Amino acid sequence: MKKFLAILLLFCTVAVYADEVDRNWVEENYTKHEVMIPMRDGISLYTAVYEPVGSGCRPVIMLRTPYSCSPYGTGFSSSLWKDMRLFAENRYIIVLQNVRGRYMSEGEYENIRPFNPDKTGVVTDEASDTYDTVEWILDNTSNNGNVGVTGVSYPGFYAAMAALSGHPAVKAVSPQAPVYDWYMGDDAHHNGVLMLLDTYSFGGSMYREHDNPAPKAPKSAARIKGDVYSFFLNAGTMEGITATFSDSLAFWHSMMEHPDYDSFWQERCPGRHFRGNLPAVLVVGGTFDTDDCYGALNTYGSIARQSPGTSLHFVYGPWYHGGWHNLSYDHLGQVWLGDGLSEYFMENIEYPFFRYYLENKGEAPPKVSVRPYGSGKWAFYDVWPSGRTEYRKAYLREGDSLSFSAPEERVSASSYVSDPKHPVPHVGFPVGGRYREYMVEDQRFASSRPDVLAFTSAPVSDTLKLEGPVTAGIWFETTGSDADIVVKLIDVYPDDFRYSKDVASRLPRSDYQMGGYQMLVRGDVFRLRYREGYGEPVPARPGKPVKVEFTLDDVAHWLLPGHRLMIQIQSSWFPLADLNPQTFVDNIYHAAPDDYVPATMTVYHQKNRASYVLLPVME
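If you're matching positions, the sequence shown starts at 1 in full-length UniProt numbering and goes up one per residue.
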């Protein structure tokens, strides 16, 4: 780095701008330069540099992405007047870069390229590519010596890698819904269970190799026809599903050969590297994020534990994946969320964070900003969870009830038959692809099925404030040698609940019967073979009860008076999660058709085998 911050600050001008930013304004007030920035190993990365006209030395905000930076050529990216509008309005230098091996960048692409803490010489990773890019930007733009890196989803992973770059000019990063661990909880798997629908759909394009540099990626190799439930069920085994791709996908095949949590997956998780001195970090997550809710929570958690000296901020609100940049976002499916959620985030949290750390202006946002569903307001804490939480067990009880009182019965259990030929769908109607609204979908279709157990509390008299992680502790038995356990936490609306006419008119179905609505709050799946460790699959012993414990992603949800709490338990969630054949096979992805067999599942709720869900209840 050849420019020194003190000199830059002496000559840079500082101004406050307040213009209406649209396409015309951006094209009049910005220039665009496309460059190929050389990395230390000689590979060059496509980079679009947008500089404000006549604004002096300004901060840099950078986004590194495996997705398109279009339009390539003279056109301007719409992100400058959409999700990066406030940065453009305040004359930031905006840098968009294709990561190594994607689109117009040279080199070889690797999914979730592992961080190498011991690299020397010309050895590269995403952190070193960030470092080399920042060096070039500092030397070739009119900047103030301060760089921020941001990104949502996969680009959120690259923002986290920027925090590990060690470059002194990188003062602030914002991993938003970042990929963290593709085995334990993000897009690809949950607790080692393949998230089939999302991974198939996403992998059809992202796992496909293509020649680069190129302004376009090849078409997706995924070939879903009709509704997803029938499509995947008719494909049969995992080998049958693989055969439906129109092209061979190297990373997909690697996944099929690594069903357990081995080094292939472990080295791709950046969590253990978040140590030492990091730049300021703003982690953003959505409670209704289908993809990377886990990534946001665990990126925040690992930095909080391992790098306590870092200026760390966390935002958690009722958004779908990346919804915090959608200014019209006010509902998800039939669930009304309220006006102004994303505007508040962008204007009061995101931009002020970068302004504080890159411009030395204003105030830093709160350490933790949370918008619990049902509260109608933001809450601000020093840490997450807030420390004001009491963890209480909600016990499954005889008679399909749910209670904070432990069972006294000596013998009490509920059973159901799980049949891989007739799995429980993840939504109650046909869908032709990924359906993010399932995160809040009405579960009445499931509670009426004989292969789903439903335990319901009495109506709550006072608001039940749930903020933090949820842990399931289920005494479980199967007649098979493997099984999946799906646990769903549900908010049951009062029978007489109605939206106002104004709100109802703004929802997809204004006439939908909301009385008795069973809103999914959180759900997740656990594979019985991993009860002794995710790297050590062991078969179940048919007829032997075992206690299974696993943690679901944090919730921020208030049950209002008159609402009831419900826990549903089932053994398939299709095709959101891949099917468990219910016969133990060393590599579950190699299961043959004859391995898929029905099995009887039993959940105990008696004194010496009390099943429960541990809830984070706010004072």
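Cβ coordinates follow ideal geometry from the N, Cα and C atoms, glycine included.
Since the structure is predicted, the reported quantities are computational estimates derived from the model, not experimental observations.
By DSSP, does residue i sit in helix, in strand, or in coil?
i, result
"residue 434", "coil"
"residue 379", "strand"
"residue 306", "helix"
"residue 240", "helix"
"residue 156", "helix"
"residue 397", "strand"
"residue 349", "helix"
"residue 18", "Model confidence at residue 18 stands at a pLDDT of 45, short of 50, so the residue's coordinates are unreliable; what they give is reported in the following sentence. Residue 18: coil per DSSP, three-state reduction."
"residue 461", "coil"
"residue 112", "coil"
"residue 615", "strand"
"residue 233", "helix"
"residue 550", "strand"
"residue 3", "In this predicted model, residue 3 has a pLDDT of only 41, less than 50, meaning its place in the structure is not dependable enough to derive any value."
"residue 137", "helix"
"residue 39", "coil"
"residue 90", "coil"
"residue 277", "coil"
"residue 12", "Summary for residue 12: the model assigns pLDDT 44, below 50, so the residue's position carries little reliability; its value from the coordinates is reported in the next sentence. Coil, per DSSP."
"residue 255", "helix"
"residue 591", "coil"
"residue 504", "helix"
"residue 220", "coil"
"residue 324", "helix"
"residue 410", "coil"
For residue i and residue j, what's the separation of their Cα atoms in angstroms?
i, j, result
"residue 614", "residue 126", "39 Å"
"residue 131", "residue 116", "14 Å"
"residue 235", "residue 435", "20 Å"
"residue 278", "residue 370", "23 Å"
"residue 483", "residue 542", "10 Å"
"residue 292", "residue 474", "25 Å"
"residue 156", "residue 320", "15 Å"
"residue 368", "residue 300", "10 Å"
"residue 196", "residue 128", "33 Å"
"residue 151", "residue 477", "43 Å"
"residue 179", "residue 409", "44 Å"
"residue 538", "residue 611", "22 Å"
"residue 353", "residue 105", "30 Å"
"residue 10", "residue 73", "Note that residue 10 scores 37 on pLDDT, short of 50, meaning its location in the model is unreliable; the coordinates nonetheless yield the value given after this. Cα to Cα, residue 10 sits roughly 35 Å from residue 73."
"residue 274", "residue 164", "7 Å"
"residue 442", "residue 517", "6 Å"
"residue 318", "residue 372", "7 Å"
"residue 345", "residue 365", "10 Å"
"residue 51", "residue 515", "53 Å"
"residue 577", "residue 523", "12 Å"
"residue 266", "residue 259", "12 Å"
"residue 617", "residue 394", "11 Å"
"residue 308", "residue 520", "34 Å"
Using the beta-carbon count (16 or more within 10 Å), is residue i buried or exposed?
i, result
"residue 404", "exposed"
"residue 262", "exposed"
"residue 36", "exposed"
"residue 465", "buried"
"residue 586", "exposed"
"residue 168", "exposed"
"residue 305", "exposed"
"residue 351", "buried"
"residue 553", "buried"
"residue 525", "buried"
"residue 24", "exposed"
"residue 575", "buried"
"residue 140", "exposed"
Check the DSSP bridge columns for residue i and list the partner residues they point to.
i, result
"residue 332", "335"
"residue 565", "491"
"residue 468", "555"
"residue 354", "Its beta-bridge partners do not exist; DSSP assigns none."
"residue 63", "96"
"residue 52", "30"
"residue 484", "527"
"residue 143", "58"
"residue 71", "According to DSSP, which records beta bridges pairwise, residue 71 is partnered with nothing at all."
"residue 149", "62, 173"
Since I believe residue j is in contact with residue i (beta carbons under 8 Å), could you give me their beta-carbon distance rounded to a whole number of angstroms?
i, j, result
"residue 92", "residue 60", "7 Å"
"residue 285", "residue 329", "Residue 285 to residue 329, Cβ: 15 Å. No contact."
"residue 481", "residue 601", "In fact, because the Cβ distance is near 13 Å, the residues do not count as touching under 8 Å."
"residue 555", "residue 440", "With 8 Å as the limit, residue 555 and residue 440 do not qualify as a contact, their Cβ atoms being about 12 Å apart."
"residue 322", "residue 181", "Contact flag wrong, Cβ pair sits at about 19 Å."
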